[in-house]
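The structure under discussion appears below in the form of structure tokens.
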Amino acid sequence: MGSVAMDELALRGLGPVADSCAQHRALAYFEQLKASEDGWQLCADALIRGFYSDDHIKFFCFQVLEHHIKHRYPVLLCAQRQLIRDTMMTWLQTQTVRETPEKPFVRNKAAQIFSLLFISEYPTTWPKFFFDVLSVVGSAPGGVDLYLRILVAIDVEVVDREILHTPEEARRNILIKDHMREHCVPDLVESWYQILHTYQCSNAELTCLCLDVIGAYVSWIDINLIANDRFVGLLLSHLSVDMLRESACDCLFEIVGKGMDPVDKTKLVELLSQVLQAAGFFNLKQDDDVDFLARFSKLLNGMGQSLLQSAGKLAKSGDVANSERALSGAESKVPVVLELLAHEDDDISLNVTTFCYDYLHAVKQLPSLSDQQRANVEAILMAIIKKLAYDEEFNFENEGEEEAMFMEYRKQLKLLLDKLAQVAPELLVITAHRVVTATLQNWKEAKFLEVEVALRLLYMLGEAIPVSQGVHFSGDPAKASAMQEMMRIMVTSGVSHYAHPAVTLQFFETVVRYDKFFSLEPQHIPEVLMAFLDGRGLRHGSLKVRSRCSYLLSRFVKVLSKQIFPFMEEILTRVQDLLTLTPRENGLHGLLSSEDQLFIYEMAGALIVSSETSAERKALLMGNLLLPLTQAFPGLLAKLLHEPDQERQAAIADCLSHAVGFVSRTSKAFSSKQTVRQCGCADVYLQCLRLFLPALGCPVQREALRGAVRTYLHRMVVCLEEEVLPFLPEALQASLRDCEPRDIQELIPLLNQVIGKFKAQIVPFLQQVFVPLVTTVFEVLARPAEENDQSAALDRQALRRNYFQFIYCIVSSGVADVISSQGSAQMEQVLVTVIQGAVEFPDPVAQKICFNILSKLVELWGGKDGLPGFGDFMYKSIVPACFMAPLKPTFDLMDAQTILALAECASTLKIILQKRGPELTHFLQHEYLPTLSMAPEVTEEFCQALEQADLKVFKNYLKAFFQRAKS
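Written as structure tokens, this is what we have:
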């Protein structure tokens, strides 16, 4: 194919302006050249001869070469491989004399091709790779550029730690680096020096690319080749050149981060530090080039961290003098680091937070702090406080990427504050007290960002100095009183009236975090409650504030219910208008969303239940709270049945579901039946249940309504216990009507809850519903489904699991008579489905449940005087299932869930042995195992293990047994 011209028409489809038809033809041609054994030769010829000036065609040719090197290179003849190498070297030669270089994307692709050839041929068949490349490129800018790009591409293939390599590739890369260190790295380093020296004044792009290469390679080459006077001097001189200094910073950062002996590292960093200081780099100005300062801050952070790491290593080895020298060096960087930490640009500040964190950690290890160290810690704290402030342009109502980045930056500042609290908790409390007091006493004149930071600082103390240390409102009186005073100032200052949502939110967050304060000083509760209930909280102009306050008020009331009890009725009155139940139609919404209303209902329910009033009064208050819901529900349900418009249907159903959800949420205040009776509220909830049950039979919007009512039934089983039993038949019959797989799979957990709670009491009811329920499950599972419908397949799997869980719940709750009292046909059908679940479906979770069921049934009915006919079923079906399931190809003995199923299988066999004794081993030896073509000695061994090993040992044996059988 090498002598054949390329398909010109297909090549036209490579450009960015080509239409889809031309692009499709180009793609097909690409696949054709990849599939052809000599397609690469056509492309190589086009590249060498310069047939095409179009950059996209050149890139296309390189892509074909890339494919052949990646996928066919090992099987090419030596001559063919040599031809590819010669092609690339010839092409490289042409680049050294070009007046205008190729586009960067073409050069990068060519460099990648060289790197692929390198890892295939070096050092075995092309040991002089680098010398050959260097001899070709010479000192021409075009050639030097490609040489550096090749080095970058090789770094990606051989060194880059972010790329996952196979063990074989990792071994190859180690060999390559070892050979390079021994034979060519010094020459490469010399070439870098010459490039820097030659082009530092005339070609900034090449110089920066060379600095990038040095930064990439320095992590694994001999540091002394780079960390020497001539190289470091050259790099430092670049810091004074605007076009070079960012790349020089990055290169020096990599050098500083190189693993070295801690004493040598300290000397290197301190030498670098002295030169930087002498050159004036530590004299920062706020109007300096921000991009450079971002790189410089990263470098300084790396220098400081290196010194601290060296100090730590030297201290561990007992070299105290050098350890102190390294720590002193790190501390000398603190003044300039503090300027960077407090810089108005958050990226610059963020770059030095890790050094500040490590420095605080280092001084925390010291027996005591010097005056200078205390001053450093305090300066870090003041910088944190300054940088915590929002920007005045921060968009609180519509947060975008910049806002998200600031919130992430704030998290780093919080980590720094938490570490500082470990070093100097007293300093933190005293400083916070000063800032909070000064700001809140003059909040009317202060900017919102100053007020928010004061409140945020008070809030952050709660995690920085945990309550468990007893420093807030108990324990050390000095700290406790400072915290208490700050809270008193916050609550009494009137700052909750500040007209900015960030301040308002922080006020409420802080109130709830320090709820213990209000236990000590309950006289402030009325003011805080008013703030929650008026335009500062639940009626604030900001939806975000209203929503968060609904949750925070719920928490506040639940924690302080005893102190808040005197204000209960006023609270209930004030929130009543926020609990309206109206469909959210025509874009109209209430002050609170339905999710927010849930918290208010929960809060109101908790307040009523925990109040110190009579049961009659509690019942009345609860009834009044729920009255709007119960009055509106029947009318809305009737409206839904006659509403033709689907959007309005959905809105009404949503409203009805929320009504049920609100009533459910108020019941969270009850921990048991006893509490409901003590509060006299049982009739209130039963009345609600009577109203809600008809929704189960509603033919439209069924999923939302059924889900809500089922959740309510779950709650009532907990709260009302047997009083809910009379309602279950109606609920179940309605739920089983026209049901989908998801309906029934979500109904079964409710039934399991009922069975587990009521046991024998539920038997008459279960006997009525058992057959209809099981029949419905079988019908739903038998319905045809699309072969590739993953959602339907998952629904069926979940339903099958739930069905088996239902059977297990029956047999493990002492009500297995429900199954045995059915007709023999129905009982057999159920037992057969359990055997099928254990054997036929590749679902280890379901298989485990099925073997659980079989174990329980054997325990109950498997004795010689057990259920008539069950012994035959045991030998015909259960014992064979214990072998057929593990022998299935889909039974994966390497899967953890499958091993759990196998363990239950082992338990089943052990329980049969316990019930039937030698009869089982006789059956296995003489009747069943011979049908599996098992050798007599293997049969003997199996029966011996079954009889003699304990359960744990037998489980391990069974796994090994089936591994052998399947190998």
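Residue numbers (our numbering): 69 to 1035.
All residues carry an ideal CB built from backbone N, CA and C; glycine is no exception.
Point to revise | Among L968, A96, V358, P797, the one whose alpha carbon lies nearest that of V837 | key: P797
Exercise for review: Please name the residue in Y267, Y458, A532 whose C-alpha comes closest to that of A570.
Suggested key: Y458
Review point. When burial is assigned at 16 or more other CB atoms within 10 Å of the CB, is Q858 buried or exposed?
Key: exposed
Review point. Alpha helix (DSSP H) containing K1077: first to last residue?
Key: Limits of the chain in this structure are 69 at one end and 1035 at the other, which puts residue 1077 out of reach.
Check your understanding: What separation, rounded to the nearest whole angstrom, lies between the Cα atoms of E553 and M473?
Key -> 34 Å
Check your understanding: With 16 as the cutoff for other CB atoms within 10 Å, does G301 come out buried or exposed?
Key -> exposed
Exercise for review: Would you mind sorting N870 into buried or exposed? The rule is 16 or more other CB atoms within 10 Å of its CB.
Suggested key: buried
Point to revise | Segment limits, alpha helix (DSSP H) that includes T641 | key: 636-643
Check your understanding: Under a three-way DSSP split, which group does D154 fall into?
Key -> helix
Review point. If you run the structure through DSSP and keep just helix, strand and coil, what is R783?
Key: helix
Review point. In the structure shown, what three-state DSSP assignment does S629 receive?
Key: helix
Exercise for review: Enumerate in chain order the residues of its own chain whose CB-to-CB distance from C877 is below 7 Å, with the five nearest sequence positions on each side excluded.
Suggested key: N820, I823, G824
Practice item. Consult DSSP for P809 and reduce its assignment to one of helix, strand or coil. Key: helix
**Study point:** Burial state of D426, where buried means 16 or more other Cβ atoms lie within 10 Å
**Key:** buried
Review point. Using DSSP with H/G/I as helix, E/B as strand and the rest coil, what is W260?
Key: helix
Point to revise | Sufficient close CB pairs (3 or more, under 8 Å) joining the region 913-931 to the region 964-978 | key: yes
**Study point:** Supposed close pair C32, S308 - CB separation, criterion 8 Å
**Key:** Residue 32 lies beyond the residue range present for the chain, which begins at 69 and ends at 1035; the question has no answer from this structure.
Check your understanding: What three-state label does DSSP hand M69 in the structure shown?
Key -> Per-residue confidence for M69 stands at a pLDDT of 37, beneath the threshold of 50, marking its modelled position as unreliable; the derived number appears in the next sentence. Three-state result, M69: coil.
**Study point:** Continuous alpha helix (DSSP H) stretch holding K479: start and end
**Key:** 469-491
Practice item. Grab me the residues of G283's own chain with a C-beta within less than 6 Å of its C-beta, minus the 5 sequence neighbours each way, in chain order. Key: D318, C319, E322
Review point. Going by the beta-carbon positions, is the gap between L151 and A178 smaller than 8 Å?
Key: no
Practice item. List in chain order: all unbroken alpha helix (DSSP H) runs of 4+ residues lying wholly within the region 971-1005. Key: 986-991
Check your understanding: Where do the ends of the alpha helix (DSSP H) carrying S873 lie?
Key -> Per the sequence shown, residue 873 should be read as Gln rather than Ser. Segment 858-880, the alpha helix (DSSP H) holding Q873.
Check your understanding: Which word fits Q813, buried or exposed, when buried means at least 16 other C-beta atoms lie within 10 angstroms of its C-beta?
Key -> buried
Exercise for review: Taking only the alpha-carbon atoms, compute the straight-line gap between V563 and W511 and give it to the nearest angstrom.
Suggested key: 7 Å
Check your understanding: Where do the N-terminal and C-terminal ends of the alpha helix (DSSP H) with Q755 fall, by residue?
Key -> 750-760
Review point. So is M311 buried or exposed if we call it buried at 16+ other beta carbons inside 10 Å?
Key: exposed
Practice item. Would you grab the beta carbon distance between I181 and L133 for me? Rounded to a whole angstrom, and I think it's under 8 Å. Key: 6 Å
Check your understanding: Can you tell me whether DSSP reads P172 as helix, strand or coil?
Key -> helix
**Study point:** Spatial distance of S71 from G118 (CA atoms)
**Key:** Unreliable positioning characterises S71 in this predicted model, as indicated by a pLDDT of 43, which lies under 50. A coordinate reading is not provided.
Review point. Is I557 helix, strand or coil by DSSP?
Key: helix
Exercise for review: Determine, using beta carbons only, whether Q746 and A672 come nearer to each other than 8 Å.
Suggested key: no
**Study point:** Backbone secondary structure at A208 - three-state DSSP
**Key:** coil
Review point. Helix or strand or just coil, what does DSSP make of S88?
Key: helix
Exercise for review: Please state whether DSSP places T164 in a helix, a strand or coil.
Suggested key: coil
Review point. For the putative contact between L688 and T734, defined by C-beta atoms under 8 Å, what is the C-beta separation to the nearest angstrom?
Key: With a Cβ gap of about 14 Å, L688 and T734 do not count as contacting.
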